[in-house]
Amino acid sequence: MKKLVFILTVSMTVCGCASLTKTQIESVNQFAHHSQNFSAFPGRIMTELAEIRTIRGVWYANSLSVSRFHIDVLDSVYFNKTHAYNVSEKSDITFQVIDKYAQSLALLSCDRYEKEFVKQTEGFGVGLDTLIKRYNRIDNTFALPEGIGAVAGELIIMGGRQYIRSRQAREIKKFVPQADTLVAVMTTNLLQFLKSENIDELIRAEEFGLNQNYLSYIRQSQGSSTQADFQYLDLKTRLDAVKQLRSKTITATKSMRKAHRELLESIQKKKKLIESLQGIKVMAVQVRDLKATVDKIEKPK
Numbered sequence: 001m002k003k004l005v006f007i008l009t010v011s012m013t014v015c016g017c018a019s020l021t022k023t024q025i026e027s028v029n030q031f032a033h034h035s036q037n038f039s040a041f042p043g044r045i046m047t048e049l050a051e052i053r054t055i056r057g058v059w060y061a062n063s064l065s066v067s068r069f070h071i072d073v074l075d076s077v078y079f080n081k082t083h084a085y086n087v088s089e090k091s092d093i094t095f096q097v098i099d100k101y102a103q104s105l106a107l108l109s110c111d112r113y114e115k116e117f118v119k120q121t122e123g124f125g126v127g128l129d130t131l132i133k134r135y136n137r138i139d140n141t142f143a144l145p146e147g148i149g150a151v152a153g154e155l156i157i158m159g160g161r162q163y164i165r166s167r168q169a170r171e172i173k174k175f176v177p178q179a180d181t182l183v184a185v186m187t188t189n190l191l192q193f194l195k196s197e198n199i200d201e202l203i204r205a206e207e208f209g210l211n212q213n214y215l216s217y218i219r220q221s222q223g224s225s226t227q228a229d230f231q232y233l234d235l236k237t238r239l240d241a242v243k244q245l246r247s248k249t250i251t252a253t254k255s256m257r258k259a260h261r262e263l264l265e266s267i268q269k270k271k272k273l274i275e276s277l278q279g280i281k282v283m284a285v286q287v288r289d290l291k292a293t294v295d296k297i298e299k300p301k
């Protein structure tokens, strides 16, 4: 009887591990790694536009000779800094769902198991399911499948390195297909946000306002300073970088969707691994390019 139990245990372990190769699991982890914190890019578009508006608003305030008007403009600048250019609740949840899915997928495909690491990640699956339920309450046009976070959550908090290894591939095979609809809807939402006329209008407004407010400032000051001129040029560089960031984020979002679908096909249909990895490699290059664009915003030349 003990021999039979041993054979069954070994068989289950081998079957569980054999369902996905080590390289396939690594490719899942690579996708997750490049998808984590992806919301920082579209989110940065909004925060950067708000920062540019704040600086040009201060210039305009300093061009006004009447103290009351000066204070009124500064109050308006403060209000816009704290309230304006916020994303909608739907967009905000979209960003959170993408990040949480990537984080959960990264943990699920992690190649190490440490008690302290696991302790810090308890509740990850629950967090994803909570976000999905919140999203479905906001927009049920394409309802996201609920309960998928439990797949990652149960495995993460289960304990026991050998048991984790034996179930990892099996759980990934359940998690990724269930989440493909989630990725499809979230990337569609991202593209709608990034391509919206609202962002077009905000960018055009900052381009026009930057020029006009600085013009008012130097007229009132009867000339400009070298420092102010360099700041004006820096803001123009940052505004150009925002437009690049928007365009590149649109491209990377499309690549994210394509890479996840290729990953799914690799897992389900035994697609050649080199084909499934190609989409992830393209996405990786684009994410690096996005990070370089953000650096340009933070340190304009």
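Mapping to my numbering: the sequence shown position 295 is 295, numbers consecutive.
Glycine is no exception: its CB is placed at the ideal position from the N, C-alpha and C atoms.
Problem - Check whether Leu202 and Leu49 have beta carbons under 9 Å apart - result: Contact: yes.
Practice task
Tell whether a beta-carbon distance below 9 Å holds between Thr293 and Ala241.
Solution key: With respect to the 9 Å criterion, Thr293 and Ala241 are classified as neighbours on the basis of their beta carbons.
Problem - Alpha-carbon to alpha-carbon, Arg204 and Phe117 - result: Residue placement at Phe117 cannot be trusted, given a pLDDT of 49 that sits under 50; the coordinates are not used to answer.
Practice task
Taking only the alpha-carbon atoms, compute the straight-line gap between Glu298 and Lys269 and give it to the nearest angstrom.
Solution key: Looking at the two C-alpha atoms, the distance is approximately 44 Å.
Practice task
Identify every run of the alpha helix (DSSP H) within the segment 25-70, keeping only runs that are complete inside it and at least 4 residues long; order them along the chain.
Solution key: For the segment 25-70, whole alpha helix (DSSP H) runs of length 4 or above, ordered along the chain, are 40-62.
Exercise for the section: Go through its chain and collect everything with a Cβ distance to Phe142's Cβ below 7 Å, but skip five positions before and after it. Expected result: Cβ contact annotation for Phe142 (same chain, cutoff 7 Å, sequence separation greater than five): Val185, in chain order.
Exercise for the section: Answer yes or no: do Ile172 and Ile267 have a C-beta to C-beta separation smaller than 9 Å? Expected result: Taking 9 Å as the Cβ cut-off, Ile172 and Ile267 qualify as a contacting pair.
Handout entry: Segment contact flag, the segment 249-257 with the segment 33-41, C-beta cutoff 8 Å, min 3 pairs
Key = Contact annotation: the segment 249-257 touches the segment 33-41, with at least three C-beta pairs closer than 8 Å.
Practice task
For Lys291, count neighbouring C-beta atoms within 10 Å of its own C-beta (all shown protein chains included) and say buried if the count is 16 or more, exposed if not.
Solution key: Taking a 10 Å sphere around the C-beta of Lys291, we find fewer than 16 other C-beta atoms and assign the residue as exposed.
Problem - Reduced DSSP secondary structure (H/G/I, E/B, other) of Thr94 - result: Helix at Thr94.
Handout entry: Neighbour-count burial assignment, Ser247, 16 or more Cβ in a 10 Å radius
Key = Classification of Ser247: exposed, given that the 10 Å Cβ count is below 16.
Practice task
Compute the beta-carbon to beta-carbon distance between Ile148 and Ala179, rounded to the nearest angstrom, for a pair I have assumed lies under 8 Å.
Solution key: Yes, they are in contact, since the Cβ atoms of Ile148 and Ala179 sit about 6 Å apart, within 8 Å.
Problem - Where Asn189 sits in the DSSP three-state scheme - result: Helix at Asn189.
Exercise for the section: Just list the beta strand (DSSP E) runs in the segment 185-257, keeping only unbroken ones of 3 residues or longer that don't cross its boundaries, in chain order. Expected result: Secondary structure remark: continuous beta strand (DSSP E) runs of at least 3 residues inside the segment 185-257: none found.
Practice task
May I ask you to verify whether the segment 62-70 touches the segment 93-104, counting CB pairs closer than 8 Å and requiring at least 3?
Solution key: Output reads no: the segment 93-104 does not touch the segment 62-70.
Exercise for the section: Kindly indicate which three-state DSSP category Val87 falls into: helix, strand or coil? Expected result: Three-state result, Val87: coil.
Handout entry: 7 Å Cβ shell around Val287 - same chain, five flanking residues per side excluded
Key = Within the same chain, Val287 has close Cβ partners His34 and Ala252.
Problem - Backbone CA spacing between Asp200 and Glu207 [nearest angstrom] - result: For Asp200 and Glu207, the distance between alpha carbons rounds to 11 Å.
Practice task
May I ask you to report which of helix, strand or coil DSSP gives Ser76?
Solution key: In this structure, Ser76 counts as helix in the three-state DSSP scheme.
Practice task
Rank Leu245, Ser88 and Ser67 by C-alpha distance to the C-alpha of Ile45 and give the top, closest one.
Solution key: Looking from the CA of Ile45, the closest CA among Leu245, Ser88 and Ser67 belongs to Leu245.
Exercise for the section: Look up Glu114 in the DSSP assignment and say whether it is helix, strand or coil. Expected result: In this prediction, Glu114 scores a pLDDT of 49, lower than 50, which makes its location untrustworthy; the coordinate-derived value is nonetheless stated afterwards. Under the three-state reduction of DSSP, Glu114 is assigned to coil, being neither helix nor strand.
Problem - Beta-carbon proximity of Glu284 to Gln103, cut-off 9 Å - result: Glu is not the amino acid found at residue 284; the sequence shown has Ala there. Contact flag unset, no.
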